[in-house]
Amino acid sequence: MSWFLLFLAGLLEISWAVGLKYTDGFRNLMPTAATAGALIVSVALLGLSMRTLPLGTAYAIWTGIGTLGTVIIGMMVFGESTSAARLGCIALIIAGICGLKLTT
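Under my numbering, the first residue of the sequence shown carries the number 624, and numbering increases by one thereafter.
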């Protein structure tokens, strides 16, 4: 169950990170409220997952999921670079997440 909560927390991290793009510096009320809500629930789920998962593993995987998701959305939605170097770095993050999962 902790891994599932951590995965959900990571997905919500993606949503609040992307949501920041739409808040217009926190001037748009609805995107700001949605972003704040996703942030709170994401951190709460991270905390719940840490009841049984090691701190370093949980935090690294949470940020890794968020990083991967925001980079992928940035490339697909916002037209950010898809260079080979950038894709290689994404592969390294995925390898790190898999390694942490396998060793915990």
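Don't be surprised by glycine CBs; every beta carbon is placed ideally from N, CA and C.
How would you write the range of the alpha helix (DSSP H) that residue i sits in, first residue to last?
i    : result
T693 : L678 to V700
M577 : With the chain covering only 624 through 727, there is no way to say anything about residue 577.
S672 : L652 to S672
G733 : The requested residue 733 does not occur in the structure, where the chain is confined to residues 624 to 727.
T726 : A707 to T726
Distance, Cα to Cα, residue i vs residue j?
i    : j    : result
A714 : I688 : 12 Å
A640 : R709 : 19 Å
E703 : L628 : 30 Å
L671 : V700 : 31 Å
A656 : I720 : 30 Å
V666 : R674 : 13 Å
G711 : R650 : 36 Å
Here's a check: name, in chain order, each residue in its chain whose Cβ is nearer than 6 Å to the Cβ of residue i, leaving out the five neighbours to either side.
i    : result
V664 : L635
L631 : L668
L676 : S625
I717 : none
L662 : W639
Are the C-beta of residue i and some C-beta of chain D separated by less than 7 Å?
i    : result
L710 : As a matter of chain content, chain D is missing from the structure shown, which is built from one protein chain.
Is the Cβ-Cβ distance between residue i and residue j less than 7 Å?
i    : j    : result
L723 : I695 : no
T705 : M698 : yes
T658 : L678 : no
T693 : I637 : yes
T646 : T680 : no
CB-CB under 8 Å to residue i, same chain, minus the five flanking residues each way: which ones, in chain order?
i    : result
T648 : One detail in the question is off: residue 648 reads as Gly in this sequence, not Thr. No residues qualify anywhere along the chain.
Tell me which same chain residues have a C-beta within less than 7 Å of the C-beta of residue i, skipping the five on either side of it?
i    : result
A707 : none
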